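Asker: Read top to bottom, the protein sequences are chains A and B.
The working numbering puts the first sequence at residues 2 to 377.
The working numbering puts the second sequence at residues 2 to 377.
Structure below; questions to follow.
Protein chains: 2
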Amino acid sequence: MYLEDLPTPCLLLDRAVLRRNLKRMADHVQGLGGVLRPHVKTHKSQDVQAELKRAGGTRGITVSTLAEAEYFFAAGERDILYAVGIAPGKLDQIAGLMRGGADIKIILDSAEMARLVASRGVELGVEFAALIELDVDGHRAGADPEGSALLEIAAACDRPGIKLGGVMTHAGGSYDCKTTAEIREMAEQERRLAVRGAERLRAAGHAVPIVSIGSTPTAMFASSLDGVTEVRAGVYTFQDLVQAGLGVCGKEDIAISVLGSVIGHQRAKGWTLTDAGWMAMSRDRGTEHQAIDYGYGEVWGLDGRPLGGLILSGANQEHGIMTRGAHASGETPDLEVGQKVRIAPNHACATAAQFDRYMVIEGGQLINQWERGRGW
Amino acid sequence: MYLEDLPTPCLLLDRAVLRRNLKRMADHVQGLGGVLRPHVKTHKSQDVQAELKRAGGTRGITVSTLAEAEYFFAAGERDILYAVGIAPGKLDQIAGLMRGGADIKIILDSAEMARLVASRGVELGVEFAALIELDVDGHRAGADPEGSALLEIAAACDRPGIKLGGVMTHAGGSYDCKTTAEIREMAEQERRLAVRGAERLRAAGHAVPIVSIGSTPTAMFASSLDGVTEVRAGVYTFQDLVQAGLGVCGKEDIAISVLGSVIGHQRAKGWTLTDAGWMAMSRDRGTEHQAIDYGYGEVWGLDGRPLGGLILSGANQEHGIMTRGAHASGETPDLEVGQKVRIAPNHACATAAQFDRYMVIEGGQLINQWERGRGW
């Protein structure tokens, strides 16, 4: 089946681009002597995971929900890092996975939470493996790698029902970098502070088997992984306009796009309407403050090339408004009603989450359909 | 089961508030002698639809996707308006529904599309019923009610394979109104232009059985429905912070909220972290340009009342950052790790779409779980 014949809106995944992205990251991390623990929150698909393993250099997975943990454990993954600060209400389900044979690591960043986890571990008869989250860039959660709280948290993990598994960081601040030189510095800062936290804990007598860092930008621009045991990244599998805006990839590296149909025009305003609205693209406006603002996405032809500078400048639930972007040069084509277009996403994780399956394409043809999970 | 014991994040639906919202709109529209064609794109649930019918005053449904049409047709709805400009690629599926007994109306706003639809209707051996979309506020699609194109579209519907079913408008511009007086004017403008378009078509010899108008704000502030045969609205079922900001409802009328757990703090910054991020709330920032910007939502206690002026000011995929809103007065409480909060959404349609089920509550207890559909 050809792209022209697919229902709209649907989510396209270009397998050749996916494979190129996976190989590029695998080569980079392996070249630094590192190991990848891919974050499955972007793809949520055992078929994409199979491609990841085929590309090599991975050990275990990172998940953002227990639904992902359940899904990938059922698909054969055993070594799972649940990389969202634990809530005590989730421990029963995690204990169930552990009893079934899963090796799950949780994360936390306070002694208070470590004590709650330990107490529930004793009640449930399990020993939870906890990584201490370290704050390396002030953007979200985590303990200060240089602070006294870090040692208190580790001490609180030294009791029945819990064990210290290591430390982890997420350099989400890399998304605010303006140049790739800044991302490179951020990557080194993340590595240095993660290793510093681990060394302080070791000096205090704690074993720290795992030193886990990551984010797609810092993974891609890491120049050293000394002292790091694993790198987590997710969005690099698909890439997106935000990553292209950061300089992490080119637009030709974006593996997913939404297929839409032209449903009408408001010619006096230069508007072309499509049936791909925010329900298909998500409400993510990640390029809003980048050098080029693509609205809700960049409009491509069926060949995967930008189409006359068109962007999805407006979106209602099932309607999108395509207009000429401020960055456009050259001629903008007049699209016919019924014509199909591809729309590249700002943020791959958000757009993919709007769909239950990937229409896997290669050379302009549908070659497979891959299901994806969702929920919590 | 009590709210404290539910998994997080999950989507709560307060049935008493839902019923109050449904009754209020039903009473208002019936008081004006009108009939409601509820838009199911907000709730996508046959259980909510059953509540809607129980509230009375409805005839048929409005859908935004063919997946909704299939789901609600299977649940017993026959009279269906598909209120997104038709794409020719969808006509085969619609013909299939029609052959199965569904009475589906499609919409279009160009003679070109009317001819494409007619041609496919002849090929498929069906007669598609088309409403002409009228543009009453310049915000999206539709033909000018005063323009010559309107008569050309109607003429293009006068051929085998298609028939003119009427006219429809969507006053989405009401979302930009600053006062309820402006919404009232917008409602009257919508009614007047819809009726004007219908009268011009009738004067040209066309039958115009349906004159369909709608949007939650204009439905709620309509003072007359003269000449209108039906009113479409969807978000009023749940209401949300955007509607409250418009003056369409109070915050106590918001029937859905996301239950989240506190997972940590960054006390030096005044941040409290929760496991409800944008995957749970959606990326919708609908209150950004209203008088009060709630970030990604307003934080409530389990009793459904605002909690010390806290808002969800930041959101990553599965992390939310709660901080004191700029509008807050009084004291902001210190939340404990593991504690649960409810977060009211900016936009009910977008937040509900992130979940597969409603946890239906009344009096602080879970009383039911209602599934909801998704996809296209």
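Ideal placement from N, C-alpha and C gives every residue a C-beta, glycine not left out.
Since the structure is predicted, the reported quantities are computational estimates derived from the model, not experimental observations.
Count Cβ pairs between the stretch 193-200 of chain A and the stretch 258-271 of chain A that sit closer than 8 Å; are there 3 or more?
Answerer: With a cut-off of 8 Å, the stretch 258-271 of chain A and the stretch 193-200 of chain A do not count as touching, because too few Cβ pairs lie within range.
Asker: Taking the alpha carbon of Val275/B as the reference point, which residue from Tyr3/B, Cys11/B, Met2/B has its own alpha carbon closest?
Answerer: Here residue 275/B refers to the residue found at position 274 when the second sequence is read from its first residue. Here the sequence assigns Thr to residue 275/B, which means Val is not the residue at that position. Ranking Tyr3/B, Cys11/B, Met2/B by Cα distance to Thr275/B puts Cys11/B first.
Asker: Which of the three DSSP states, helix, strand or coil, is assigned to His140/B?
Answerer: Counted from its first residue, the second sequence places residue 140/B at position 139. Residue state, collapsed to three classes: coil.
Asker: Suppose contacts are defined by Cβ-Cβ distances below 8 Å. Is Val236/A in contact with Val342/A by that definition?
Answerer: Within the first sequence, residue 236/A is the residue found at index 235, counting from 1. Within the first sequence, residue 342/A is the residue found at index 341, counting from 1. Against a cut-off of 8 Å, the Cβ pair of Val342/A and Val236/A comes out as no contact.
Asker: How would you label Ser330/A, buried or exposed, when you count the other beta carbons within 10 angstroms and need 16 or more for buried?
Answerer: Reading the first sequence from its first residue, position 329 is the one you call residue 330/A. Exposed, because fewer than 16 other Cβ atoms sit within 10 Å of the Cβ of Ser330/A.
Asker: Quick one: which residues of the stretch 354-377 of chain A get their C-beta closer than 7 Å to a C-beta of chain B? List them in chain order.
Answerer: Flagged, chain order: Ala354, Asp357, Gly376, Trp377.
Asker: Does any residue of chain B have a CB that is nearer than 8 Å to the CB of Lys42/A?
Answerer: Walking along the first sequence from the start, residue 42/A turns up at place 41. At least one chain B Cβ lies under 8 Å of Lys42/A.
Asker: Quick one: which unbroken beta strand (DSSP E) runs of 3-plus residues sit fully inside the stretch 57-123 of chain B? Chain order, please.
Answerer: As far as the stretch 57-123 of chain B is concerned, its whole beta strand (DSSP E) runs of at least 3 residues are 62-64, 80-83, 104-109.
Asker: Whole-angstrom Cβ separation of Leu98/B and Phe74/B, contact assumed at under 8 Å?
Answerer: For the purposes of this step, residue 98/B is identified with residue 97 of the second sequence, where counting begins at 1. For the purposes of this step, residue 74/B is identified with residue 73 of the second sequence, where counting begins at 1. Correct: roughly 6 Å between the Cβ atoms.
Asker: Name the residue from Leu82/B, Glu289/B, Arg20/B, Ile81/B whose alpha carbon lies nearest to the alpha carbon of Leu53/B.
Answerer: Position 52 of the second sequence, counted from the first residue, corresponds to residue 53/B. Cα-wise, what sits closest to Leu53/B is Arg20/B.
Asker: Rounding to the nearest angstrom, what Cα-Cα distance links Gly428/A and Asp335/A in this structure?
Answerer: Past the edges of chain A, shown from 2 to 377, lies residue 428/A, and the structure says nothing about it.
Asker: Determine the direct distance from the alpha carbon of Leu202/B to that of Ile211/B, and round the result to whole angstroms.
Answerer: Working through the second sequence from its first residue, we reach residue 211/B at position 210. Working through the second sequence from its first residue, we reach residue 202/B at position 201. Distance between the alpha carbons of Ile211/B and Leu202/B is about 12 Å.
Asker: Does any C-beta atom of chain A lie closer than 8 Å to the C-beta of Arg38/B?
Answerer: By 1-based counting over the second sequence, the position of residue 38/B is 37. It does not: the Cβ of Arg38/B has no partner Cβ on chain A nearer than 8 Å.
Asker: Select from Ala281/B, Arg55/B, Ala277/B, His328/B the residue whose C-alpha is nearest the C-alpha of Ile293/B.
Answerer: Working through the second sequence from its first residue, we reach residue 293/B at position 292. The shortest Cα separation from Ile293/B among Ala281/B, Arg55/B, Ala277/B, His328/B belongs to His328/B.
Asker: Which residue from Ser149/B, Ile95/B, Glu191/B puts its Cα closest to that of Val137/B?
Answerer: The residue you call residue 137/B lines up with position 136 of the second sequence. Residue Glu191/B is the option with its Cα nearest to Val137/B.
Asker: Within 10 angstroms of the Cβ of Ala130/A, are there 16 or more other Cβ atoms? Answer buried if so, exposed if not.
Answerer: Position 129 of the first sequence, counted from the start, is the residue given in the question as residue 130/A. Buried: at least 16 other Cβ atoms inside 10 Å.
Asker: Along the stretch 274-308 of chain A, what residues have a CB closer than 9 Å to any CB found in chain B?
Answerer: Answer set for the stretch 274-308 of chain A: Leu274, Thr275, Asp276, Gly278, Trp279, Met280, Ala281, Ser283, Arg284, Asp285, Arg286, Gly287.
Asker: Can you tell me the Cα-Cα spacing of Leu23/A and Ala56/A, whole angstroms?
Answerer: If you number the first sequence from 1, residue 23/A lands on position 22. If you number the first sequence from 1, residue 56/A lands on position 55. About 6 Å.
Asker: According to the Cβ coordinates, are Ala135/A and Ala205/A closer than 8 Å?
Answerer: Stepping through the first sequence from its first residue, residue 135/A is reached at position 134. Stepping through the first sequence from its first residue, residue 205/A is reached at position 204. According to the sequence displayed, residue 135/A carries Leu and not Ala. Cβ distance not < 8 Å, so Leu135/A and Ala205/A don't count as in contact.
Asker: Along the alpha helix (DSSP H) that carries His392/B, what are the first and last residues, could you check?
Answerer: Because chain B here runs from 2 to 377, residue 392/B falls outside it and cannot be looked at.
Asker: Hey, is Asp110/B's beta-carbon within less than 8 Å of any beta-carbon in chain A?
Answerer: The count along the second sequence starts at 1 and reaches residue 110/B at position 109. For Asp110/B, the answer is yes, since a Cβ of chain A falls inside 8 Å of its Cβ.
Asker: Specify the secondary structure class of Ser262/B as computed by DSSP and reduced to three states.
Answerer: Taking the second sequence and counting its residues from 1, one reaches residue 262/B at position 261. Correct three-state label for Ser262/B: strand.
Asker: Do the stretch 22-36 of chain B and the stretch 354-374 of chain B touch if we need at least three Cβ pairs shorter than 8 Å?
Answerer: Touching, no, given that fewer than three Cβ pairs across the two stretches are closer than 8 Å.
Asker: If you draw a straight line from the C-alpha of Ile95/B to the C-alpha of Thr273/A, how long is it?
Answerer: Indexing the second sequence from 1 puts residue 95/B at position 94. Indexing the first sequence from 1 puts residue 273/A at position 272. Each residue's alpha carbon lies about 24 Å from the other.
Asker: Counting contacts by CB-CB distance shorter than 8 Å, is Pro218/A in contact with chain B?
Answerer: Here residue 218/A corresponds to residue number 217 of the first sequence, with the count starting at 1. False, the Cβ-Cβ gap to chain B never drops below 8 Å.
Asker: Have a look at Gly166/B, Gly58/B, Met26/B and flag the residue whose alpha-carbon is nearest the alpha-carbon of Met221/B.
Answerer: Walking along the second sequence from the start, residue 221/B turns up at place 220. Per the Cα distances, Met26/B.
Asker: In chain B, what lies closer than 7 Å to Cys350/A by C-beta?
Answerer: The residue labelled residue 350/A in the question sits at position 349 within the first sequence. Correct list: Gln318.
Asker: Strictly below 7 Å CB to CB, what residues from chain B border Pro8/A?
Answerer: Residue 8/A sits at position 7 when you count from the first residue of the first sequence. Residues of chain B passing the Cβ test: Gly90, Trp377.
Asker: Count Cβ pairs between the stretch 279-286 of chain A and the stretch 311-319 of chain A that sit closer than 8 Å; are there 3 or more?
Answerer: These segments touch.
Asker: Closest by CA to Ser224/A, which one among Thr170/A, Lys106/A, His140/A, Met187/A?
Answerer: One-based indexing of the first sequence puts residue 224/A at position 223. Per the Cα distances, Met187/A.
Asker: Could you tell me which of Gly167/B, Phe239/B, Ser175/B sits nearest to Val209/B, measuring between CA atoms?
Answerer: The residue given as residue 209/B occupies position 208 in the second sequence. When each option's Cα is compared against that of Val209/B, the closest is Gly167/B.
Asker: Within its chain, find whatever has a CB closer than 8 Å to the CB of Asp145/B; leave out the 5 residues flanking it on each side and keep chain order.
Answerer: Sequence index remark: in the second sequence, residue 145/B carries index 144 (1-based). So the qualifying residues of the chain are Leu135, Asp136, Leu151.
Asker: Could you tell me which residues DSSP pairs with Gln267/A in its beta bridges?
Answerer: Position 266 of the first sequence, counted from the start, is the residue given in the question as residue 267/A. Its beta-bridge partners are Trp272/A.
Asker: When DSSP labels each residue in this structure, what does Tyr295/B get in the three-state scheme?
Answerer: As a first step, residue 295/B is located in the second sequence; it is residue number 294 there, counting from the start. Coil, per DSSP.
Asker: Assuming Asp15/B contacts Ala256/B (C-beta within less than 8 Å), just tell me the rounded distance between them.
Answerer: For this step, residue 15/B is matched to residue 14 along the second sequence. For this step, residue 256/B is matched to residue 255 along the second sequence. So it is a contact: roughly 5 Å between Cβ atoms.
Asker: For a test of the three-state rule: what should DSSP assign to Gly166/A, helix, strand or coil?
Answerer: If you number the first sequence from 1, residue 166/A lands on position 165. Of the three classes helix, strand and coil, the one that applies to Gly166/A here is strand, per DSSP.
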